[in-house]
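Reading the sequence shown from the start, the letters are residues 917 to 1525 in our numbering.
Beta carbons are placed, not taken as given, at the ideal position from N, Cα and C, and that holds for glycine.
What follows is a single structure, written as structure tokens, with notes after it.
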Amino acid sequence: MCGIFGYVGRQNCAKMLVESLATLEYRGYDSSGVAFFEDGGIVTLKAAGRIENLGRLLEQRGETFTTCGIGHTRWATHGGPTDENAHPHSSEHISLLHNGIIENHRELKEFLQRQGYTFLSQTDTESAVHLIDYHYKQCGDFLDAIIAALKEIRGTYAFGIICREEPGKLICVRQENPLLLGVGEGENFMASDIPAFIKYTKQYLVMEPGEIAILEADGITVVDFDKTPILKQPLTVTWDYEAVEKGGYDHFMLKEIHETPLALRNTIAPRVEDGLVRFGEEELPDELLRQAGRITVLACGSAMHAGMVAKGVIESMCHVPVNLEVASEFRGKNPPLIGPNDLTVVLSQSGETLDTMGALKLAKCCGSKVLAIVNVVGSSIAREADHAIYTWAGPEIAVATTKAYSAQIAVAYMLAARMAYVKGLLPEAEFRAFTARLLTLPEQVKGLLAQEAQYQALARAYFQSDNLFFIGRGLDYAAALEGSLKLKEISYIHSEAYAAGELKHGSIALVTDGVPVIALATQSALAEKAVSNIREVDARNAHVMAVCTENLAESLSFVKDLITLPVLPDLLMPSLAAIPLQLLAYHIAVLRGCDIDKPRNLAKSVTVE
Ligand code: G6P
């Protein structure tokens, strides 16, 4: 959470600071700020609310010229989203911005207050800036002051720091929270994520925990906390700036839903060899799959729902028990029931979710091998895991995940099929047929996207609802949970998802005249039971929309609204069901006038516990 950016070079970076921050807004957007060198001093501008407010402040100053500065977009943890709490925070010599949480901020504050420092904000971060300032006054050296302070700070952080006496120098530090360095010619960048500098350079370095980087226009020096130099190899971004532009769509979310076929193709096709799914030896050795006696799946949010699909598919194809846990809950387990014979699978779009990372580390500590299914290349989770399979969905900007979720499910199918094959449970001919089906998914999804106008029209019947139910059985339950989350996230309509058979054990009491129920029926093996459950809510005069395979249209002709999907094997249906549910949520939220790409209180990359 929180996006940080910094620039040092030769061009006037005043506007760039704000524009680059805007590309990181998905990380938090309740306030923002910049600090930059100008005329021998440091200017700080901060504004509560969206980055537009910060942009206006900058414009109001008139002509600004600076070649070095830092910027921050915030997701509040300590202290509300006010101007005072916005970063950067400043002391006499130092300005600093921070992503993370300083755990011992209270004791540091008490110490610093005793030294005469005045605190202006409610943030944990302010203790760090004064602490560095305190050490700077003692030792007179920018880097040494930072190192001395780091030894006293406990917590998680990525810092960007400038010093009044050192114009043209920017120091950043990483512990836990993500930090990348963009390597340009005569200019260098630091940022939480690639979109912030992709316009200027495609070369970047990944900062590891415990590393400090000193950035100047003509070079970057990386050292550890003992000042031992570290040599780092630059990586190259494989996508273009256009990927982080809306490209004619009204919102990133809509653009990204429409990119699902491409995301699926890029994820599946390179992993098919001679008609069979095959992972690279680095990605996932067959031996690991052959030996896995039990699987634990750990993730948060939508990734957890993709994990639920993975559980269903793996259990069904591989006859291996799969334990699915919300990552934050798994971390609190005492003892965590996991061991060396387990394969742990973590799913994460960003690869930075702190709870997922914590769960991963715990699983590793218990001796389990960890496979990460991740979208962001080089992210912390991908690097910490024993093996990583990338979902090649491309950058996802909208807070609500869509194409990356679909790509995660695609990897789950591939993983399950390969595992069933190497365990001798799936004959080659069937494996080949399954792989061929997988390869048709992009086209099937394209077909559904072409029906967007129908889903858009249906959204009119639901956008004024206050409460809504989603029901489904088996894999449809996982799809229902994700459909419900998507709707909640972006439209703020209260909705609940239930296993269709469970609804009658209490919650059906809330289903009365006109209550909307979106019912999934895509699982042929469970079709009769699903239809019965739909009849139960229809009998209570619910306003039912069924999302079903086209062969069930007749049996469900009694419902008010019907969305049909082509018939694929049951296990693959969640990939199709996701599309109308995402588009419905999107169009309902548009009709309600919601801020689609930046929903209230949310952030895409959750780097706090
Ligand atoms: C946040 C986002 C969700 C996302 C979850 C997990 O809560 O708002 O959309 O599913 O984090 O994120 P990850 O990057 O680990 O998939």
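In whole angstroms, give me the CA-to-CA distance for residue i and residue j.
i, j, result
"Val1193", "Gln1207", "18 Å"
"Leu1200", "Ile1289", "11 Å"
"Pro1004", "Leu1013", "5 Å"
"Ser1108", "Gly1248", "28 Å"
"Gly1509", "Ala1373", "16 Å"
"Leu1528", "Asn928", "The displayed coordinates of the chain run from 917 to 1525. Any statement about residue 1528 would go beyond what the structure contains."
"Val1262", "Glu935", "33 Å"
"Asn1291", "Ile1512", "21 Å"
"Glu1042", "Gly1196", "46 Å"
"Gln1380", "Lys1404", "13 Å"
"Ala1309", "Leu1121", "22 Å"
"Lys1319", "Ala1455", "36 Å"
"Ser1448", "Ala1493", "20 Å"
"Gly1209", "Phe1105", "46 Å"
"Val937", "Lys931", "Looking at the sequence shown, residue 937 is not Val but Leu. Looking at the two C-alpha atoms, the distance is approximately 10 Å."
"Pro1358", "Leu1036", "53 Å"
"Gln1360", "Glu1368", "14 Å"
"Val1427", "Ser1411", "12 Å"
"Pro1252", "Val1242", "13 Å"
"Glu1175", "Ser1322", "10 Å"
"Thr960", "Val1506", "36 Å"
Cβ atoms of residue j and residue i: under 7 Å apart, would you say?
i, j, result
"Val1475", "Val1453", "no"
"Ile967", "Ser948", "yes"
"Leu1354", "Ile1184", "yes"
"Leu1180", "Ala1328", "no"
"Pro1094", "Glu1312", "no"
"Thr1072", "Gly1098", "no"
"Gln1439", "Asp1392", "yes"
"Leu1436", "Ala1413", "no"
"Val1431", "Ala1458", "yes"
"Val950", "Gly987", "yes"
"Leu1317", "Asp1258", "For clarity, residue 1317 is Thr in the given sequence; the question names Leu instead. Not closer than 7 Å, so no."
"His1303", "Leu1287", "yes"
"Gly985", "Phe952", "yes"
"Ala1112", "Leu940", "yes"
"Met1090", "Glu1132", "For clarity, residue 1090 is Arg in the given sequence; the question names Met instead. Contact: no."
"Arg1389", "Leu1442", "yes"
Got a sec: does ligand 1 put a non-hydrogen atom nearer than 6 Å to the Cβ of residue i?
i, result
"Leu1518", "yes"
"Val1522", "yes"
"Gly944", "no"
"Cys1216", "yes"
"Ala1494", "no"
"Gln1265", "yes"
"Thr1183", "no"
"Ala1462", "no"
"Thr1272", "yes"
"Thr1317", "yes"
"Ala1501", "no"
"Ala1219", "yes"
Suppose the cutoff is 6 Å on Cβ atoms and the five residues either side in sequence are ignored; what does the same chain contact list for residue i look like?
i, result
"Arg1080", "Ile958, His1009"
"His1235", "none"
"Pro1515", "Val1315, Glu1405, Ile1406"
"Leu1497", "Gly1399"
"Met1335", "Leu1205, Cys1234"
Note down, in chain order, each residue of its chain lying with its Cβ closer than 7 Å to the Cβ of residue i, except the 5 sequence neighbours on either side.
i, result
"Phe1350", "Ala1333"
"Val1524", "Met917, Thr993, Ile1017, Leu1270"
"Leu1170", "Tyr1502"
"Ala1394", "His1221, Met1224, Val1225, Gly1228, Pro1490"
"Ser1296", "Pro1094, Gly1267, Glu1268, Met1273"
"Lys1520", "Tyr942, Arg943, Ser1266, Val1315"
"Trp1155", "Gly1310, Pro1311"
"Thr1240", "The question names Thr, yet the displayed sequence has Leu at residue 1240. Same-chain partners within the cutoff: Val1213, Gly1223, Met1224, Lys1227."
For a test of your reading of the model: does the CB of residue i fall under 6 Å from any non-hydrogen atom of ligand 3? Yes or no.
i, result
"Thr1269", "The model depicted lacks ligand 3 and carries ligand 1 instead."
Only counting the same chain, and skipping five residues up and downstream in sequence, which positions put a Cβ closer than 8 Å to that of residue i?
i, result
"Val1483", "Ser1440, Thr1465, Glu1466, Asn1467"
"Gly996", "Gln1038"
"Tyr1052", "His1009, Ile1010, Phe1058, Ala1061, Cys1079"
Contained alpha helix (DSSP H) runs [length at least 4] in the stretch 1167-1226, N- to C-terminal order:
Listed in chain order, they are 1168-1174, 1176-1184, 1202-1207.
Whole runs of the alpha helix (DSSP H) within the stretch 1043-1089, excluding any shorter than 4 residues
Within the stretch 1043-1089, the complete alpha helix (DSSP H) runs of at least 4 residues are 1058-1066.
In chain order, each beta strand (DSSP E) run of at least 3 residues that lies wholly inside the stretch 1381-1466
For the stretch 1381-1466, whole beta strand (DSSP E) runs of length 3 or above, ordered along the chain, are 1383-1388, 1410-1415, 1432-1437, 1459-1465.
Any chance you could list the beta strand (DSSP E) runs of at least 3 consecutive residues sitting entirely within the stretch 942-1024, in chain order?
Runs of the beta strand (DSSP E) lying entirely within the stretch 942-1024 and spanning at least 3 residues, in chain order: 947-954, 957-964, 984-990, 1010-1018.
Can you check the stretch 1223-1269 for any alpha helix (DSSP H) of at least 4 residues that lies completely inside it and give the ranges in chain order?
Those alpha helix (DSSP H) runs which fall completely within the stretch 1223-1269 and span 4+ residues are 1243-1246.
At 3 residues or longer, and completely inside the stretch 1324-1359: list those beta strand (DSSP E) runs for me, N to C.
Fully contained in the stretch 1324-1359 is no beta strand (DSSP E) run of length 3 or more.
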